[in-house]
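Quick notes on the structure that follows.
Protein chains: 2
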Amino acid sequence: MSEEREKATATLSTRVYHRLRQDVISGALAPGSKLALEMLRERYGVGMTPLREALYRLSATLLVQAHDQRGFRVAEIGLAHFEQVVSARERLESLLLEDSIRAGDDAWAQRAARAHAALDALPMYEQAATGVLNAEWQSAHHHFHYELLSGARHFIQDMFHAILWDHSARYRNILRPEPLPEDMLKADHARLIGAVLERDVEMAVLVLRRHIRNGSSAILDVLRRSP
Amino acid sequence: MSEEREKATATLSTRVYHRLRQDVISGALAPGSKLALEMLRERYGVGMTPLREALYRLSATLLVQAHDQRGFRVAEIGLAHFEQVVSARERLESLLLEDSIRAGDDAWAQRAARAHAALDALPMYEQAATGVLNAEWQSAHHHFHYELLSGARHFIQDMFHAILWDHSARYRNILRPEPLPEDMLKADHARLIGAVLERDVEMAVLVLRRHIRNGSSAILDVLRRSP
DNA sequence: CCCCGCAAAAAATTCGAAATTAACGACCCG
DNA sequence: CGGGTCGTTAATTTCGAATTTTTTGCGGGG
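Structure, rendered in structure tokens:
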């Protein structure tokens, strides 16, 4: 696919950007920690130039902060910040879902349905007990939500959504909240795709808002317990 | 001010970023045009490194597009794109204004009132006939709208708003639509600050939405006439 | 004892050129 | 005559070192 070709022709700058982004989101690079250039150069095995280019690109998503003449730091996490991420996601995703349902054609609805089927078939946790998320499930989950909101193309708002999603994922990865009951998520997703296929905007938006809030509440608990 | 100090310690990368951004917004660098690195290096009198860093930062705001292994281009303009910018602005600014009025304290309301007074005192056009916008007025206009929406601090949404504002300004600068009647804008601004001081969310949001639509309609006309 | 200023060290920034990749055009072959 | 291939040229990307700036540690007043 086009992804393959893009990877083949990707510059070092772009490849480092993706690895760096992943390391910030996963928590491998801790919030607030200094991003010493020499250390990163070693870590990713590249020169100064692509490294700095990647860091500046990431700084535009607020996952890292750039300070003139004093380098880069991983963005801090905190209750106030996360509340804003959740609130912005709830608002933005509601609007995008509404637009999608109104403007999306049948091909879109089918893509969403397929994404739901794929997600539904996967187990959420590696082993039921541990509460460790299954990487495949995470990817399918992201894809499902992405397809849901992609019925109407929104150049800019899609970018905003991607940024907010990354920030959310970071909090989940770092704070490792109480795992959610798999049944509840499955039910949410089923209701979501159901409402979408019936073109029931009101229901779909309601379910999505609750889905976002439910998924955030355990993280908010952790943040409120230990600031 | 802190601005002064920041300028003093700003890196070349940051200074080039601001100049590049201004040149894209003003239209000095035409939509769709190729950003040849050698040409830009000459134009801004800097080396490759800060230039590329600035270009990547701008690419994160969608004002320029980066293509791996084939350089950078200024983003295209078009009707569909502008409609999305306007729609996103209307939605986002409504939400931010609502939050501002609810959460903003008296100090905020006073800042907004001062910004309005400063704006109201300035003439909108250089000379009434030409329809050329007064640069001072533009800056005061931006500042007024920024203050209006800054009653509640929103790290991420504020960034989104800044991006949308830049895109809007670019269309205005490039397409040079029929100038708006100065009286109408003055009336909009007066109603806005009035509603804010009375903490009338419903009225303020209504006026703001119409203000955005009114300001966009002449630009939409130009886009619809000549794609 | 703390604060200020002054080196020395460390870190970030920037440059110019080398290495890599895409774009262009002439040439050959079907 | 059209389509594809191979040089050649032009452009982008990358590196390593030089430059500039911040940080750190130390000694001398206040």
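Protein sequence lines, in the order shown, are assigned to chains A and V.
The opening position of the first sequence corresponds to residue 3 in my numbering, with each subsequent residue numbered one higher.
The opening position of the second sequence corresponds to residue 3 in my numbering, with each subsequent residue numbered one higher.
Cβ atoms here follow ideal geometry from the backbone N, Cα and C, with glycine treated the same way.
Treat the numbers as computed from the prediction; the structure is a model and nothing was measured.
(1) Would you mind stating whether residue 85 of chain A and residue 210 of chain A have Cβ atoms separated by less than 8 Å?
(2) Across the region 116-133 of chain V and the region 120-129 of chain A, are there enough close Cβ pairs to call them in contact, namely three or more that are closer than 8 Å?
(3) Grab me the residues of residue 48 of chain A's own chain with a C-beta within less than 8 Å of its C-beta, minus the 5 sequence neighbours each way, in chain order.
(4) Under DSSP, the beta strand (DSSP E) around residue 68 of chain V begins and ends at which residues?
(5) Helix, strand or coil: which one does DSSP assign to residue 75 of chain A?
(6) Specify the secondary structure class of residue 81 of chain A as computed by DSSP and reduced to three states.
(7) Terminal residues of the continuous alpha helix (DSSP H) containing residue 166 of chain A?
(8) Taking residue 54 of chain A as the query, report the chain V residues whose CB atoms sit under 7 Å from its CB, ordered along the chain.
(9) Is there at least one Cβ from chain A nearer than 8 Å to residue 71 of chain V's Cβ?
(10) Give the interface partners of residue 156 of chain V over in chain A, defined as CB-CB distance under 7 Å, in chain order.
(11) Taking Cβ-Cβ distances below 8 Å as the criterion, which residues of the region 159-175 of chain V are in contact with chain A?
(12) Establish whether the CB of residue 105 of chain A and some CB of chain V are separated by less than 8 Å.
(13) Going along the chain, which residues of its own chain have a beta-carbon closer than 7 Å to the beta-carbon of residue 134 of chain A, five neighbours each way excluded?
(14) Can you look up residue 98 of chain A in the DSSP assignment and give me helix, strand or coil?
(15) Mind listing which residues of the region 112-145 of chain A have their C-beta closer than 9 Å to chain V's C-betas, in chain order?
(16) Starting from the C-beta of residue 28 of chain A, find all residues in its chain whose C-beta is less than 6 Å away, skip the five residues before and the five after it, and write them out in chain order.
(17) Measuring only between beta-carbons, confirm whether residue 64 of chain A sits less than 8 Å from chain V.
(18) Does DSSP put residue 42 of chain V in a helix, in a strand, or in coil?
(19) Measuring only the C-alpha atoms, how far is residue 108 of chain A from residue 116 of chain V?
(20) Taking Cβ positions, are residue 114 of chain A and residue 214 of chain A nearer each other than 8 Å?
(21) Could you tell me the distance, in whole angstroms, from the CA atom of residue 8 of chain A to the CA atom of residue 71 of chain V?
(22) Tell me which residues share the same chain as residue 154 of chain A and place their Cβ nearer than 7 Å to its Cβ, disregarding the 5 neighbours each side in the sequence.
(23) Going by other Cβ atoms of all chains shown within 10 Å of its Cβ, with 16 needed for buried, is residue 184 of chain V buried or exposed?
(24) Looking at chain A, is there any beta carbon in it that lies within less than 8 Å of the beta carbon of residue 58 of chain V?
(25) Are any of the Cβ atoms in chain V nearer than 8 Å to that of residue 235 of chain A?
(26) With DSSP as the reference, identify every bridge partner of residue 127 of chain A, one or two as the case may be.
(27) Which same chain residues end up closer than 6 Å to residue 79 of chain V when comparing Cβ atoms and leaving out the 5 residues on each side of it in sequence?
(28) Based on the DSSP secondary-structure assignment, which residues constitute the bridge partners of residue 37 of chain A?
(29) Can you tell which of V:16, V:143, V:43 has its C-alpha closest to the C-alpha of residue 192 of chain V?
(30) Rounded to whole angstroms, what's the CA-CA distance from residue 230 of chain A to residue 59 of chain V? Just pull it up for me.
Inspection of the coordinates gives the following:
(1) Taking the first residue of the first sequence as 1, we reach residue 85 of chain A at position 83. Taking the first residue of the first sequence as 1, we reach residue 210 of chain A at position 208. Not in contact: residue 85 of chain A and residue 210 of chain A (Cβ atoms no closer than 8 Å).
(2) Cβ pair count under 8 Å is below three, so no.
(3) For the purposes of this step, residue 48 of chain A is identified with residue 46 of the first sequence, where counting begins at 1. Cβ neighbours of residue 48 of chain A beyond the five flanking positions: 14, 18.
(4) Counting from one through the second sequence, the residue named residue 68 of chain V turns up at place 66. That run of the beta strand (DSSP E) goes 66-68.
(5) Stepping through the first sequence from its first residue, residue 75 of chain A is reached at position 73. Here residue 75 of chain A sits in strand by DSSP.
(6) Counting from 1 along the first sequence, the entry for residue 81 of chain A is found at position 79. The answer is helix: DSSP assigns residue 81 of chain A an H, G or I state.
(7) In the first sequence, counting from the first residue as 1, residue 166 of chain A sits at position 164. Looking at the DSSP string, the run of the alpha helix (DSSP H) that includes residue 166 of chain A is 157-177.
(8) Within the first sequence, residue 54 of chain A is the residue found at index 52, counting from 1. Correct list: 55.
(9) The residue given as residue 71 of chain V occupies position 69 in the second sequence. Judged by the 8 Å Cβ criterion, residue 71 of chain V is in contact with chain A.
(10) Mapped onto the second sequence, residue 156 of chain V falls at position 154. What residue 156 of chain V touches in chain A: 86.
(11) 159, 161, 162, 165, 166, 169
(12) Here the question's residue 105 of chain A lines up with position 103 in the first sequence. No, its Cβ sits nowhere closer than 8 Å to a Cβ of chain V.
(13) In the first sequence, the residue the question calls residue 134 of chain A occupies position 132. Result list for residue 134 of chain A: 127, 128, in chain order.
(14) In the first sequence, the residue the question calls residue 98 of chain A occupies position 96. Of the three classes helix, strand and coil, the one that applies to residue 98 of chain A here is helix, per DSSP.
(15) none
(16) Within the first sequence, numbered from 1, the residue matching residue 28 of chain A stands at position 26. Closer than 6 Å at Cβ, skipping near neighbours: 175.
(17) Along the first sequence, read from residue 1 onward, the residue named residue 64 of chain A stands at position 62. Judged by the 8 Å Cβ criterion, residue 64 of chain A is in contact with chain V.
(18) Position 40 of the second sequence, counted from the first residue, corresponds to residue 42 of chain V. Three-state result, residue 42 of chain V: helix.
(19) Indexing the first sequence from 1 puts residue 108 of chain A at position 106. Indexing the second sequence from 1 puts residue 116 of chain V at position 114. About 52 Å.
(20) Here residue 114 of chain A corresponds to residue number 112 of the first sequence, with the count starting at 1. Here residue 214 of chain A corresponds to residue number 212 of the first sequence, with the count starting at 1. Result no, Cβ atoms of residue 114 of chain A and residue 214 of chain A do not sit closer than 8 Å.
(21) Walking along the first sequence from the start, residue 8 of chain A turns up at place 6. Walking along the second sequence from the start, residue 71 of chain V turns up at place 69. Residue placement at residue 8 of chain A is flagged as unreliable, the pLDDT there being 43, under the threshold of 50; a coordinate-derived value is accordingly withheld.
(22) Counted from its first residue, the first sequence places residue 154 of chain A at position 152. For residue 154 of chain A, where only same-chain residues beyond five positions count, the Cβ hits under 7 Å are 101, 102, 105, 106.
(23) For this step, residue 184 of chain V is matched to residue 182 along the second sequence. Classification of residue 184 of chain V: exposed, given that the 10 Å Cβ count is below 16.
(24) As a working mapping, residue 58 of chain V is identified with position 56 in the second sequence. Yes, residue 58 of chain V counts as interfacial toward chain A.
(25) Residue 235 of chain A falls outside the range modelled here, since chain A spans only 3 to 229, and no answer is possible.
(26) As a first step, residue 127 of chain A is located in the first sequence; it is residue number 125 there, counting from the start. Partner(s): A:135.
(27) For the purposes of this step, residue 79 of chain V is identified with residue 77 of the second sequence, where counting begins at 1. Closer than 6 Å at the Cβ level, and outside the excluded window around residue 79 of chain V, lie 33.
(28) If you number the first sequence from 1, residue 37 of chain A lands on position 35. Bridge partners of residue 37 of chain A: A:74.
(29) Reading the second sequence from its first residue, position 190 is the one you call residue 192 of chain V. Of the candidates V:16, V:143, V:43, the one whose C-alpha sits nearest the C-alpha of residue 192 of chain V is V:143.
(30) No answer is possible for residue 230 of chain A: the residues shown for chain A start at 3 and end at 229.
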